[in-house]
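Structure first, commentary second.
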Amino acid sequence: MPEGHLIHRHAAEQHADLAGREVRAAGPQGRFDARPWDGRALTGVEAVGKHLFYHFDDAPAVHVHLGMRGIFLRYDDPGTPPKPGTRLRLATPEVAYDLIAPSRCEALSRAEVAGLRDSLGPDPLRHDACQDEAAARLTAFRGPVGAAVLDQRIWSGIGNAWRAELLFLTGLHPNARDLSRDTAGRLWDTAVTYLALGRDAGQVVSDPDAPDERWVYRRDHCRRCGAPVLTWQLAGRTAYCCGMDQPEQR
Numbered sequence: 001m002p003e004g005h006l007i008h009r010h011a012a013e014q015h016a017d018l019a020g021r022e023v024r025a026a027g028p029q030g031r032f033d034a035r036p037w038d039g040r041a042l043t044g045v046e047a048v049g050k051h052l053f054y055h056f057d058d059a060p061a062v063h064v065h066l067g068m069r070g071i072f073l074r075y076d077d078p079g080t081p082p083k084p085g086t087r088l089r090l091a092t093p094e095v096a097y098d099l100i101a102p103s104r105c106e107a108l109s110r111a112e113v114a115g116l117r118d119s120l121g122p123d124p125l126r127h128d129a130c131q132d133e134a135a136a137r138l139t140a141f142r143g144p145v146g147a148a149v150l151d152q153r154i155w156s157g158i159g160n161a162w163r164a165e166l167l168f169l170t171g172l173h174p175n176a177r178d179l180s181r182d183t184a185g186r187l188w189d190t191a192v193t194y195l196a197l198g199r200d201a202g203q204v205v206s207d208p209d210a211p212d213e214r215w216v217y218r219r220d221h222c223r224r225c226g227a228p229v230l231t232w233q234l235a236g237r238t239a240y241c242c243g244m245d246q247p248e249q250r
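Just so we're aligned: 188 in my numbering is position 188 of the sequence shown, and the numbers increase by one with no gaps anywhere.
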């Protein structure tokens, strides 16, 4: 599933191409009726965690969640026919975007958008996110930190790859509990810094000097010390951890 850094990258690119313009909207696949938005001005494309919101003049917002299989295709020639399975096409005379296989593509009222926002925790890539709130939510969580950071109600936008790398960078074992306020704030600041690098690069970046490498995620051995990477199931996903650099406190 695309994590928050890629969702924010999509939002920035599409906002630059589409915002402030009247767009032609279509639902080629037939599963989404795009007529209410066809010919309307798109005022903004916004990312919150793993969710995208398309805001229009005098129309409900369009909410998109890519899920596990959703992708966007961009065409410099908006006359390019849509691919089979395109749920939503948004186009101007200069560019077209096709949305394929999202888990959600739906109209939301202003109240429904607000309700969805309220269900999500702070997003490390949003300027309106607050470290104090992020730390408070994390320290209030009664389970392991490795479960907390995947819970979109605690922090939004973080998936399994970022969980592995951010916990490694802060020296935290995924099973750690009862974090201090300072430790929670340090983990948040790490997320803010590195997710921004990932957004700009279009991939998970946990080492700016080797952006294509990971410390522990999907590795057999820790790239820093060479110790075996430990794996187990935590919150429904495979946890990755270096037993030397992320010692488990007893």
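For every residue, glycine included, the Cβ atom is placed at its ideal position computed from N, Cα and C.
> Looking only at C-alpha atoms, which of C242, P102, W188 sits nearest to D220?
Replying inline: Translated into the one-based positions of the sequence shown, residue 220 becomes position 220. That would be C242, whose Cα lies nearest to the Cα of D220.
> Between which two residues does the beta strand (DSSP E) harbouring T231 extend?
Replying inline: As a first step, residue 231 is located in the sequence shown; it is residue number 231 there, counting from the start. Note, T231: beta strand (DSSP E), 229 to 234.
>> Rounded to whole angstroms, what is the Cα-Cα separation between T190 and T170?
In response: Sequence index remark: in the sequence shown, residue 190 carries index 190 (1-based). Sequence index remark: in the sequence shown, residue 170 carries index 170 (1-based). CA-CA distance, T190 to T170, rounds to 7 Å.
>> I'd like to know if the segment 26 to 35 and the segment 83 to 96 are in contact, where contact means that at least 3 CB-CB pairs between them fall below 8 Å.
In response: Of all C-beta pairs linking the segment 26 to 35 to the segment 83 to 96, three or more are shorter than 8 Å, placing the two stretches in contact.
>> Rounding to the nearest angstrom, what Cα-Cα distance links L172 and H51 in this structure?
In response: Indexing the sequence shown from 1 puts residue 172 at position 172. Indexing the sequence shown from 1 puts residue 51 at position 51. Taking the straight line joining both Cα atoms gives about 27 Å.
> In terms of residue numbering, what span does the alpha helix (DSSP H) encompassing R110 cover?
Replying inline: The sequence position of residue 110 within the sequence shown is 110, counting from 1. From DSSP, the alpha helix (DSSP H) with R110 extends over 110 to 118.
> In chain order, what residues of the same chain have a beta carbon less than 6 Å from the beta carbon of W37, not counting five sequence neighbours either side?
Replying inline: In the sequence shown, counting from the first residue as 1, residue 37 sits at position 37. Cβ neighbours of W37 beyond the five flanking positions: A25, F56, A59.
> Just the Cα atoms here: how many angstroms apart are R126 and W188?
Replying inline: For the purposes of this step, residue 126 is taken as residue 126 along the sequence shown, with counting starting at 1. For the purposes of this step, residue 188 is taken as residue 188 along the sequence shown, with counting starting at 1. Taking the straight line from one Cα to the other gives about 12 Å.
> Roughly how many angstroms separate the alpha carbons of I154 and A140, rounded to a whole number?
Replying inline: Counting from 1 along the sequence shown, the entry for residue 154 is found at position 154. Counting from 1 along the sequence shown, the entry for residue 140 is found at position 140. Distance between the alpha carbons of I154 and A140: 9 Å.
> Under a Cβ-count criterion, where at least 16 other Cβ atoms within 10 Å of its own Cβ denotes burial, should P211 be classed as buried or exposed?
Replying inline: The residue given as residue 211 occupies position 211 in the sequence shown. Exposed, by the Cβ-count rule.
> Taking Cβ positions, are G254 and E3 nearer each other than 8 Å?
Replying inline: Lying outside 1 to 250, the shown extent of the chain, residue 254 is not represented and no answer is given.
>> If I follow the unbroken alpha helix (DSSP H) through R181, where does it start and stop?
In response: Indexing the sequence shown from 1 puts residue 181 at position 181. Taken as a continuous stretch (DSSP letters only), the alpha helix (DSSP H) holding R181 covers 181 to 201.
> Roughly how far, in whole angstroms, is the beta-carbon of G146 from the beta-carbon of L234, given that I think they are within contact range, below 8 Å?
Replying inline: In the sequence shown, residue 146 corresponds to position 146, counting from 1. In the sequence shown, residue 234 corresponds to position 234, counting from 1. With 8 Å as the limit, G146 and L234 qualify as a contact, their Cβ atoms being about 5 Å apart.
>> Taking only three categories from DSSP, how would you classify A34?
In response: If you number the sequence shown from 1, residue 34 lands on position 34. A34: coil per DSSP, three-state reduction.
> For the candidate residues P102, R117, I100, whose alpha-carbon lies nearest to that of L108?
Replying inline: Start at 1 with the first residue of the sequence shown, and residue 108 comes out as number 108. The shortest C-alpha separation from L108 is found at R117.
> CA-CA distance, I100 and R74?
Replying inline: In the sequence shown, counting from the first residue as 1, residue 100 sits at position 100. In the sequence shown, counting from the first residue as 1, residue 74 sits at position 74. Roughly 11 Å between the two C-alpha positions.
> Whose C-beta lies closer than 7 Å to the C-beta of N71 among residues of the same chain, with five residues either side of it excluded?
Replying inline: Sequence index remark: in the sequence shown, residue 71 carries index 71 (1-based). It is worth fixing the name first, because residue 71 is Ile in this sequence and not Asn. Hits under 7 Å: I100, A101.
>> So G157 and I7 are supposed to be a Cβ contact under 8 Å. How far apart are they, rounded?
In response: On the sequence shown, residue 157 is found 157 positions in, with the first residue counted as 1. On the sequence shown, residue 7 is found 7 positions in, with the first residue counted as 1. About 7 Å separates the two Cβ atoms, so the contact holds.
> So F168 is in the alpha helix (DSSP H); what residue range does that whole segment cover?
Replying inline: The count along the sequence shown starts at 1 and reaches residue 168 at position 168. Here the alpha helix (DSSP H) through F168 covers 160 to 169.
>> Tell me the rounded alpha-carbon separation between R137 and G79.
In response: In the sequence shown, counting from the first residue as 1, residue 137 sits at position 137. In the sequence shown, counting from the first residue as 1, residue 79 sits at position 79. So the two alpha carbons sit approximately 47 Å from each other.
>> At the level of alpha carbons, what is the spacing between D200 and D178?
In response: What you label residue 200 is simply residue 200 of the sequence shown in a count that begins at 1. What you label residue 178 is simply residue 178 of the sequence shown in a count that begins at 1. Near 33 Å, if we compare the C-alpha coordinates of D178 and D200.
>> Is it buried or exposed, A111, if we count other Cβ atoms within 10 angstroms and call 16 or more buried?
In response: As a working note, residue 111 is residue 111 in the sequence shown. With fewer than 16 other Cβ atoms within 10 Å, it is exposed.
> How about A239 and P174: are their beta carbons less than 8 Å apart?
Replying inline: For the purposes of this step, residue 239 is identified with residue 239 of the sequence shown, where counting begins at 1. For the purposes of this step, residue 174 is identified with residue 174 of the sequence shown, where counting begins at 1. Yes. Within cutoff.
> Taking the alpha carbon of D17 as the point to measure from, which residue in G115, L195, Y97, R142 has its own alpha carbon closest?
Replying inline: Position 17 of the sequence shown, counted from the start, is the residue given in the question as residue 17. Here the closest residue by C-alpha is Y97.
>> Quick check on this structure: which residue in A184, V45, L197, Y217 has the alpha carbon closest to the alpha carbon of D209?
In response: As a first step, residue 209 is located in the sequence shown; it is residue number 209 there, counting from the start. Of A184, V45, L197, Y217, the residue nearest in Cα terms is L197.
>> Quick check: Y54 and L42, are their CB atoms within less than 8 Å of each other?
In response: Position 54 of the sequence shown, counted from the first residue, corresponds to residue 54. Position 42 of the sequence shown, counted from the first residue, corresponds to residue 42. Yes, these two residues count as a Cβ contact at 8 Å.
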